[in-house]
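The numbering of the sequence shown is the working numbering, which starts it at 662 and goes up by one. Think of the CB as a built atom: it goes at the ideal place given N, C-alpha and C, for glycine as much as any other residue. Take a look at the structure below.
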Amino acid sequence: MILCAGEALIDMLPRETPEGTAFLPVPGGAVFNTAIALGRLGAPVAMFTGLSDDLFGARLADALAASNVEDRAARADRPTTLAFVTLTDGHAEYAFYDEGTAGRMLAESDLPDMSGISALFVGGISLAVEPCARAYEALALAHPNLPVMIDPNIRPGFIRDEAAFRARLDRLFGVAGIVKLSDEDMGWLGMTPEDVLARGVRVLCLTEGAKGVTAITPEARVSVPARRVEVVDTVGAGDTFNAGLMAGLHERGVLGAETIPEDALRGALELGAAAAAVTVSRAGANPPRRDEL
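Rendered as structure tokens:
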């Protein structure tokens, strides 16, 4: 079973009404979206996060159950993180309200039972703020024999301590078998693909929006184009890609392989691209089920 560890929050999506712009609350968060997409694609998946016992926390828990995601969350009597979304030509920007929330205040003492877990996915804004960032890092470093995938999904405006964040990513890259970075992430990090692979990463997935994705390994480069669709918005696109990639590798039995065969890697990239194309074709982070592909 794949454990997704990171933020679960409420995306406040803009909607036009006769009175002006209103915001629709929708379950979301980068790592939450990846867990939902994995469940809908049929992969065995569990979610670890900090969940509030408020009404939004209940909606997040219900959404996990509806997509066949096992709930291993830590509950807290704190509010749920909110992310207000602004769309410009379909591309999303976020304003986070995260102080003192159930997700933000997650601690190492809350770490989950790892029985039955065969792979770990971490990332998102949860790696940028304390104390939850320490908890998620500790989880990844405590299980060095598990296959680990990381997508930092870098939001520069959310990073309070850049030096600490960069140091954390460097440590996490040291235990990650697979890292997904966008071209914008690479620019912010100031790294080349060779720099990332030098940390011991086996597969770097570099996404370039409409251009598609390239998987870079020490042995090869495999590129898959993005599917041409009418884009409604990009909320959850990268998260869905992550799920497709992991589901595809899991199905082929190579998620934890030291060297992933090129045909298996291409097939997993294609599944990720196909799933992401469905997500961007409809509003909000609404990953497809397997029979929609």
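Where residue i falls, given that 16 or more other Cβ within 10 Å makes a residue buried
i, result
"valine 809", "buried"
"arginine 739", "buried"
"aspartate 846", "buried"
"asparagine 806", "exposed"
"aspartate 952", "exposed"
"valine 874", "buried"
"arginine 676", "exposed"
"alanine 904", "buried"
"proline 879", "exposed"
"arginine 718", "Residue identity differs from the one stated: residue 718 is glycine in this sequence, not arginine. Under this definition glycine 718 is a buried residue."
"leucine 954", "exposed"
"serine 728", "buried"
"aspartate 900", "buried"
Backbone CA spacing between residue i and residue j [nearest angstrom]
i, j, result
"leucine 699", "threonine 682", "32 Å"
"alanine 696", "methionine 708", "6 Å"
"arginine 888", "methionine 662", "29 Å"
"leucine 833", "alanine 929", "23 Å"
"isoleucine 778", "leucine 664", "6 Å"
"glutamate 629", "threonine 940", "Residue 629 is absent from the model: the chain starts at 662 and stops at 954."
"proline 893", "serine 942", "In the sequence on display, residue 893 carries valine and not proline. Cα-Cα distance, rounded: 5 Å."
"arginine 950", "leucine 702", "5 Å"
"phenylalanine 757", "phenylalanine 819", "8 Å"
"serine 776", "leucine 716", "29 Å"
"proline 948", "glycine 689", "11 Å"
"serine 843", "phenylalanine 902", "12 Å"
"histidine 911", "leucine 932", "12 Å"
"isoleucine 671", "glutamate 798", "23 Å"
"proline 679", "valine 746", "20 Å"
"glycine 909", "arginine 882", "18 Å"
"valine 857", "valine 890", "31 Å"
Which residues DSSP lists as bridging residue i, in chain order
i, result
"lysine 872", "Answer is none; lysine 872 lacks a bridge partner."
"methionine 708", "Cys665 and Asp732"
"glycine 784", "Asp812"
"phenylalanine 684", "Pro675"
"threonine 749", "His752"
"valine 864", "Ile839"
"alanine 744", "Asp672 and Phe757"
Where the beta strand (DSSP E) through residue i begins and ends
i, result
"glycine 667", "First-last for glycine 667: undefined, no H or E at that position."
"aspartate 732", "730-732"
"glutamate 760", "Glutamate 760 -> no beta strand (DSSP E), and no H or E assigned at all."
"valine 883", "882-885"
Distance CB(residue i)-CB(residue j) smaller than 8 Å
i, j, result
"alanine 801", "leucine 772", "no"
"glycine 838", "glycine 945", "no"
"glycine 761", "alanine 691", "no"
"phenylalanine 693", "leucine 674", "no"
"isoleucine 921", "valine 836", "no"
"arginine 829", "alanine 794", "yes"
"valine 885", "alanine 934", "yes"
"threonine 710", "alanine 669", "yes"
"leucine 725", "aspartate 714", "no"
"leucine 767", "alanine 735", "yes"
"alanine 666", "phenylalanine 826", "no"
"threonine 895", "alanine 753", "yes"
"threonine 742", "aspartate 759", "yes"
Host alpha helix (DSSP H) of residue i (start-end)
i, result
"glycine 848", "844-850"
"phenylalanine 826", "823-834"
"proline 992", "Beyond the ends of the chain as shown, which are 662 and 954, falls residue 992; an answer cannot be given."
"threonine 695", "691-701"
"histidine 804", "Where histidine 804 is concerned, there is no enclosing alpha helix (DSSP H), given that its DSSP letter is neither H nor E."
"phenylalanine 902", "898-912"
"alanine 727", "716-727"
"glycine 917", "Counting along the chain, glycine 917 falls outside any alpha helix (DSSP H), and DSSP gives it neither H nor E."
"glycine 927", "The sequence shown places arginine at residue 927, not glycine. Segment 923-941, the alpha helix (DSSP H) holding arginine 927."
Within-8 Å CB hit, residue i to chain C
i, result
"threonine 682", "Given the protein chain composition of this structure (a single chain), no chain C is represented."
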